[in-house]
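When we follow this note's numbering, the leftmost residue of the sequence shown carries the number 397, and every step to the right adds one. For each residue, glycine too, the CB sits at the ideal point set by N, CA and C. Computed from a predicted model, the values in this text were never measured in an experiment.
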Amino acid sequence: QQDALLPFVEDGTFILIGATTENPYFEVNGALISRSSVFRLNKLTADNILMILNNALNDKDKGLGSFPIAISDDILEYIADIADGDARRALNILELAVYSKMDLSDEITITIKDVEDCIQMKAVDYDKNGDNHYDIISAFIKSMRGSDPDAALYYLGKMIAGGEDPRFIARRVVICASEDVGNADPMALVIANSAAQAVDFIGMPEGRIILAQAVTYVACAPKSNAAYLGINEVLEDLNNIKTGSMPYYLKDGTSLSLERKYTPDKSTQRYAYPHDYENHYVKQQYLPDLVKDKRYYRPADTGYEKNISEYLSKTKYSPE
């Protein structure tokens with residue numbers, strides 16, 4: 397049906413002007429999109445809404461400036477946060493709170509309970525910019541690391557109810573999946589990363605379901621920080637000790653040819669191609685000379701890393 401508009405849009409008979417809460421790239425015909433200019437209007441920030449609320453309180457003609465209203469900055473910030481970028485919702489909450497107290501006294505004092513009663517929602521002790529923010533996210537990560545899905549869900553819910561950016565939460569889940577689960581369950585990182593992409597695509601409130609799935613999976617997965625410890629140890633060695641040169645047969649073909657040309661005594665040992673050997677493995681040196689016996693990766697004896705440990709014991713770490 398949208399195709400019928402194309403010739404009229406092209407010759408200027410129709411000028412299409414529209415606004416939508418949906419993604420036009422999914423809802424509007426591609427041919428129409430290509431002939432249009434699409435402008436994305438981002439939701440208002442909490443500071444934007446706070447300014448609008450203060451304007452409403454001070455405006456005597458069109459706002460609430462003619463009423464003797466007493467309301468703290470903390471309560472205004474709370475309204476701005478729960479409005480989640482919607483100025484109309486913030487103004488409706490403020491107006492309802494004021495009108496609900498109008499006949500009770502000369503001065504209209506708005507409390508946090510008045511706001512909660514208006515929106516039928518309890519205020520959550522969560523400050524996105526304060527110490528409490530870091531305390532909650534710390535408890536959230538430690539609960540996943542500690543394999544407590546109930547606590548992880550609780551702190552997830554507290555962050556969501558407090559208006560935390562779901563993308564911030566998703567990033568923490570991805571980090572935990574790699575740092576604390578690692579190769580004990582490689583699917584944890586896949587699920588966490590898929591959840592992060594899905595949350596960004598779908599948004600809230602449905603994004604809470606996706607986050608909950610990823611959080612419970614990571615929390616219940618077997619744990620290992622072997623990869624995390626390994627890369628940290630490598631970086632520490634690179635900063636603090638000499639590691640020497642890599643085996644010459646591992647170098648790129650061009651530099652290898654030059655090395656053989658000018659140092660023919662080194663050409664006695666060639667790179668052994670693992671797929672030419674039984675079980676696709678051949679024992680040879682890969683690390684630089686000065687750290688050739690160093691062991692950076694120590695897989696845990698849990699989850700899939702138990703299989704990795706058994707494989708390494710039969711290959712790299714097998715007796716000569």
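Among the options, nearest to residue i - alpha-carbon criterion
| i | options | result |
| --- | --- | --- |
| residue 441 | 688, 477 and 632 | 477 |
| residue 698 | 567, 620 and 447 | 620 |
| residue 508 | 454, 463, 468 and 413 | 468 |
| residue 554 | 426, 485 and 534 | 534 |
| residue 530 | 552, 490 and 542 | 552 |
| residue 397 | 532, 428, 602 and 419 | 428 |
| residue 470 | 431, 511 and 496 | 511 |
| residue 573 | 557, 592, 561 and 556 | 592 |
| residue 582 | 506, 689, 701 and 671 | 701 |
| residue 616 | 548, 687 and 675 | 548 |
| residue 450 | 629, 473, 433 and 413 | 473 |
| residue 483 | 438, 602, 419 and 674 | 438 |
| residue 638 | 686, 594 and 674 | 686 |
| residue 399 | 408, 409, 421 and 425 | 425 |
| residue 689 | 640, 403 and 405 | 640 |
| residue 405 | 514, 432 and 420 | 432 |
| residue 421 | 672, 714, 597 and 545 | 597 |
| residue 544 | 618, 498, 673 and 416 | 618 |
| residue 515 | 673, 497 and 490 | 490 |
Exposure label - residue i; buried when at least 16 CB within 10 Å
| i | result |
| --- | --- |
| residue 559 | buried |
| residue 578 | buried |
| residue 446 | buried |
| residue 436 | exposed |
| residue 605 | exposed |
| residue 567 | exposed |
| residue 562 | buried |
| residue 565 | buried |
| residue 536 | buried |
| residue 580 | buried |
| residue 407 | exposed |
| residue 576 | buried |
| residue 434 | exposed |
| residue 668 | exposed |
| residue 410 | exposed |
| residue 584 | buried |
| residue 599 | exposed |
| residue 532 | buried |
| residue 475 | buried |
| residue 603 | buried |
Nearest-angstrom Cβ-Cβ length linking residue i and residue j, presumed shorter than 8 Å
| i | j | result |
| --- | --- | --- |
| residue 645 | residue 666 | 6 Å |
| residue 613 | residue 587 | 5 Å |
| residue 452 | residue 487 | 6 Å |
| residue 677 | residue 670 | 6 Å |
| residue 503 | residue 464 | 5 Å |
| residue 479 | residue 506 | Their Cβ separation, rounded to whole angstroms, is 15 Å, which puts residue 479 and residue 506 out of contact at 8 Å. |
For residue i: DSSP bridge partner residues
| i | result |
| --- | --- |
| residue 505 | 466 |
Closer than 7 Å to chain B by CB, residue i
| i | result |
| --- | --- |
| residue 470 | Among the chains in the structure shown there is no chain B, since it carries only a single protein chain. |
Check: Using 8 Å as the threshold, is the region 689-706 in touch with the region 610-628, meaning 3 or more CB pairs across them?
Finding: Yes: the two stretches touch, three or more of their Cβ pairs being nearer than 8 Å.
Practice problem: Spell out a yes or no on whether the region 607-619 and the region 633-646 are touching, meaning 3 or more CB-CB pairs, one atom from each, closer than 8 Å. | Solution: The region 607-619 vs the region 633-646: no contact.
Are the region 536-544 and the region 447-464 touching, with three or more C-beta to C-beta distances below 8 Å?
With a cut-off of 8 Å, the region 447-464 and the region 536-544 do not count as touching, because too few Cβ pairs lie within range.
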